[in-house]
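The structure appears below as structure tokens.
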Amino acid sequence: MAKVTLNPMIKSAHGRLGDSVFRRSHTGETTLIKLADMSNVKWSKAQEEHRQRFKEAVAYAKAAMAEPTVRALYEKSAAAQHKRPFDMAVSDYFKGRNLLK
1 MAKVTLNPMI KSAHGRLGDS VFRRSHTGET TLIKLADMSN VKWSKAQEEH RQRFKEAVAY
61 AKAAMAEPTV RALYEKSAAA QHKRPFDMAV SDYFKGRNLL K
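For reference, each letter of the sequence shown is one residue, going 1 to 101 in the numbering used here.
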């Protein structure tokens with residue numbers, strides 16, 4: 001993976017450029033990667049089911065971050081474990097823990 005160091009005159013770069021994509025990680029680092037060609041991929045039934053579960057987990061995490069009391073719980077827990085609250089909410093969904101009830 002190529003890493004990009006931007007000229008100070010360029011504030012940021014993101015998005016697609018030809019067959020490459022600029023990406024910024026949660027740490028703020030910008031990388032340039034080749035765009036994956038997924039046109040011929042045939043997902044297995046298990047992969048489709050997992051992708052659906054992950055979609056549900058992300059929806060749960062977004063809802064949890066929108067709820068101030070639940071977000072505060074995740075932020076406190078995340079700070080203690082040096083993790084991000086959103087990631088912890090996704091993990092909790094997969095572990096069957098639902099704080100929105």
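Idealized CB from N, CA, C, for every residue including glycine.
- Query: Considering only C-alpha positions, which residue in the set Lys42, Arg23 and Ser44 is nearest to Lys34?
  - Reply: With distances taken between CA atoms, Lys34 lies nearest to Arg23 out of Lys42, Arg23 and Ser44.
- Message: Going by C-alpha to C-alpha distance, which of Ser25, Ala64 and Asn7 sits closest to Gly15?
- Response: Ser25
- Query: Who are the Cβ neighbours of Leu100 in its own chain at under 8 Å, not counting the five residues just before and after it?
  - Reply: Tyr60, Ala63, Ala64, Glu67 and Val70
- Task: Could you check what DSSP says for Thr69 in three-state terms: helix, strand or coil?
- Result: helix
- Message: Rounded to the nearest angstrom, what separates Pro85 and Ala72 at their Cα positions?
- Response: Looking at the two C-alpha atoms, the distance is approximately 9 Å.
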